[in-house]
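Everything on this sheet refers to the single structure shown next.
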Amino acid sequence: MRRLKQKYTLPGLIICLSGLIALWALFALWLGKSDYGLPACLAALVSTALFAAVCLNFVPGWMRFWSREGRAAPAAAHGEPPGIRLRIFGALLLCCILIQTIIYAIFVISGRGSGWRAFMDFWECLDSGHYVDIARDWYLSEGSRDRLVQLVFLPGYPVVMRLAGYVFGDLVFSGIFVSIISFSAAGCVFYSLLRLDYGHGVSLRALRLLCLMPGSFFFVAPMSESLFLLLSVSCVYLTRRGKILPACLCGAYAAFTRSLGLMLFVPVCMELLHKIINAPRGEKRPLRLLPLLLIPAGFGAYIYINYLVSGNPFQYMIYQKEHWGQSLGLFFNTAAYQTENALACAGGNMHNLLGLWLPNLAFSFAALALMIPGARRMRPSYAAWFIAYYFVAIGATWLLSAPRYMICLPPFILAAALAARTPRRSAALGAALVPLWAVYAAAFVLRWQVW
């Protein structure tokens, strides 16, 4: 009990107890209405317990975050090799080229085709085809249903793709170019962000794991992952450095690129409040919170585009529900239906099992497992970012892209790097990720429902 009191203050205990009651009450209500089988319900139960553990480990650091003595001193920049960020950019650029080469080799060996044009046509798949259409024609207010529902894809990435298209001509290649440059730049900013709190070794390890994560090939696809990652880490890094207006502008464009960019409001708000509360009495300026409004304004611009195109600012929600069966839900319900679908596919549909349901389940559970210790070891604003992002992203009622969503979440990558803090653990994790990456990449090329 003494250890418990040392870890949790009385307000912290009250917050934990209130949160647990709310979470488990929500789970009980869901369980009473669900008609899933026992394995699915057990998966939902485990998911809820893991999420609760993450939150319990987050609360003590969150409570200390508001006190002066709770501020973590930034890591010194000494020990960095000269020109490290330029070297990181170059290394990630080469990594992207290597990934493209591997994907092309699988593409040729599997008999999907060969040659430059065939490979560009291959990349115009999944969401890429929609982004290409939007970059070329913008959103349509009339036409085929397949084109109208493209309104659910946010415009941030197609806008940049179209700008690059004026240079390169080919929109697919332009998208790949934007993604590769964005990913390489994102690695440099991510490294700089981590160096505010951690040493050179941890920061580089996080970048290595980011490249090795199954699904990292999405960072070289004509899709929004790389740009979104760049905007996200830039937003938080600039906030940490006190550059609030450019930080929130990055957050605004992130929310204009993907709806999950709205979750940046959480870490930025916490960091700004931390700065205000801990500032000397004469320097407290609550008006510094005003730039925060730019982040939801970025998504508001997308809402306005919905209105201009369809006459309904929330038309995208209708299309998501009607065309994809997609809406906001509960993350433990996701664990239930994903488990049920995985078991159904285990009887014969191995493509869907290996390409879709198992990767979704693996990332959903692995993220929580890594964040249980990670929430204690990272900055509370990062843990809060993870909790908010996970609750919304994994709570989708028809989740198909958990690996894509999670590799774009920096606290998840940081949690993996902190878990692999010894050379032996780092080597073991890397050795496990390499074959998983290869299998998932092959499943993507073979169109085994990898989304």
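With our numbering applied, the sequence shown corresponds to residues 878 to 1328, in that order.
Here a beta-carbon is modelled for each residue, glycine too, at the ideal position from N, C-alpha and C.
Query - C-beta neighbour in chain E for residue 1136, strict 8 Å - result: Going by chain labels, chain E is absent from the structure shown, which holds only one protein chain.
Query - the region 1126-1138 in contact with the region 1083-1094 per 3-pair CB rule at 8 Å - result: no
Query raised in the report: In the structure shown, what three-state DSSP assignment does residue 899 receive?
Result: helix
Requested in this report: Find out if the Cβ-Cβ distance for the pair residue 1276, residue 1215 is shorter than 8 Å.
Outcome: yes
Report task. Just mark residue 1168 as buried or exposed, buried being the case when its beta carbon has 16 or more other beta carbons within 10 Å. Result -> buried
Query - N- and C-terminal bounds of the alpha helix (DSSP H) containing residue 1360 - result: An answer regarding residue 1360 cannot be provided, because it is not within the stretch 878 to 1328 covered by the chain.
Query raised in the report: From which residue to which residue does the alpha helix (DSSP H) around residue 1236 run?
Result: Unbroken alpha helix (DSSP H) run through residue 1236: 1235-1254.
Requested in this report: Mind listing, in chain order, the continuous alpha helix (DSSP H) runs of no fewer than 4 residues lying wholly within the region 983-1029?
Outcome: 993-1000, 1003-1014, 1022-1025
Query - Cut-off 7 Å between Cβ atoms - residues of its own chain near residue 1048, not counting five sequence neighbours on either side - result: Only 1009, 1012, 1013, 1038, 1042 meet the Cβ criterion.
Query raised in the report: Would you say the region 1108-1115 touches the region 1308-1325, given that touching needs at least three Cβ pairs under 8 Å?
Result: no
Query raised in the report: What residues in its chain sit with their C-beta under 7 Å from that of residue 1203, if we drop five residues either side in the sequence?
Result: 1197, 1273, 1274, 1275
Requested in this report: Enumerate in chain order the residues of its own chain whose CB-to-CB distance from residue 1050 is below 7 Å, with the five nearest sequence positions on each side excluded.
Outcome: 997
Query raised in the report: Out of 1114, 1244, 1308, which has the shortest C-alpha to C-alpha gap to residue 1282?
Result: For residue 1282, the closest C-alpha among the options 1114, 1244, 1308 is that of 1244.
Requested in this report: Just confirm the distance between the C-beta atoms of residue 965 and residue 1084, as a whole number of angstroms; I'd bet it's less than 8 Å.
Outcome: 7 Å
Query raised in the report: Taking 7 Å as the line, does the beta carbon of residue 1245 fall inside it for any heavy atom of the ligand FMN?
Result: With respect to the ligand FMN, the structure shown offers nothing to examine, as it has no ligands at all.
Query raised in the report: residue 1190 and residue 1132: beta carbons closer than 8 Å?
Result: no
Query - Euclidean distance between Cα positions of residue 962 and residue 1146 - result: 28 Å
**Report entry** Nearest-angstrom Cβ-Cβ length linking residue 900 and residue 925, presumed shorter than 8 Å
**Finding:** About 7 Å separates the Cβ atoms of residue 900 and residue 925, confirming a contact at the 8 Å cut-off.
Query raised in the report: Going straight from the alpha carbon of residue 1307 to that of residue 1315, what length do you get?
Result: Approximately 12 Å, taken between the alpha carbons.
Query - Stretch pair the region 1066-1073 + the region 1015-1028: three plus CB contacts closer than 8 Å - result: Cβ pair count under 8 Å is below three, so no.
Query raised in the report: Does the beta-carbon of residue 1205 have 16 or more other beta-carbons within 10 angstroms, so that it is buried, or is it exposed?
Result: When all chains shown are included, residue 1205 counts as exposed.
Report task. Decide yes or no for the touch test of the region 1292-1301 against the region 1249-1261: beta carbon pairs closer than 8 Å, at least 3 of them. Result -> yes
Query raised in the report: Tell me which same chain residues have a C-beta within less than 7 Å of the C-beta of residue 895, skipping the five on either side of it?
Result: Annotation for residue 895: no residue places its beta carbon closer than 7 Å to its own, counting only its chain and skipping 5 residues before and after.
Query raised in the report: Given residue 1311, which residues of its chain have a CB within under 8 Å of its CB, disregarding the five upstream and five downstream residues?
Result: 1089
Query raised in the report: Identify the residues that DSSP records as bridge partners of residue 1205: which are they?
Result: 1273
Report task. If I'm right that residue 1099 touches residue 991 with Cβ under 8 Å, what's the distance once you round it to whole angstroms? Result -> Residue 1099 to residue 991, Cβ: 20 Å. No contact.
Report task. Within the same chain, show all residues whose beta-carbon is closer than 8 Å to that of residue 1219, passing over the 5 residues directly before and after it, in chain order. Result -> Excluding residues within five positions, the ones whose Cβ falls inside 8 Å are 1230, 1234, 1235, 1238.
Report task. Rank 1073, 993, 935, 1186 by C-alpha distance to the C-alpha of residue 1026 and give the top, closest one. Result -> For residue 1026, the nearest C-alpha among the options comes from 1186.
Requested in this report: Would you mind listing the alpha helix (DSSP H) stretches within the region 1092-1119 that are 4+ residues and don't spill past its ends, in chain order?
Outcome: 1102-1117
**Report entry** For residue 1097 and residue 973, believed in contact at Cβ under 8 Å, the rounded distance
**Finding:** The pair is a contact, with the Cβ atoms about 5 Å apart (cut-off 8 Å).
Requested in this report: Could you spell out where the alpha helix (DSSP H) holding residue 1282 opens and where it closes?
Outcome: Here the alpha helix (DSSP H) through residue 1282 covers 1279-1284.
Query raised in the report: Expressed to the nearest angstrom, what Euclidean distance is found between the alpha-carbon atoms of residue 909 and residue 1128?
Result: 39 Å
Query raised in the report: For residue 1316, which three-state DSSP category applies?
Result: helix
Query raised in the report: residue 1094 and residue 1305: beta carbons closer than 8 Å?
Result: no
Query raised in the report: Are the CB atoms of residue 1032 and residue 1182 nearer to each other than 8 Å?
Result: The Cβ-Cβ distance between residue 1032 and residue 1182 falls below 8 Å.
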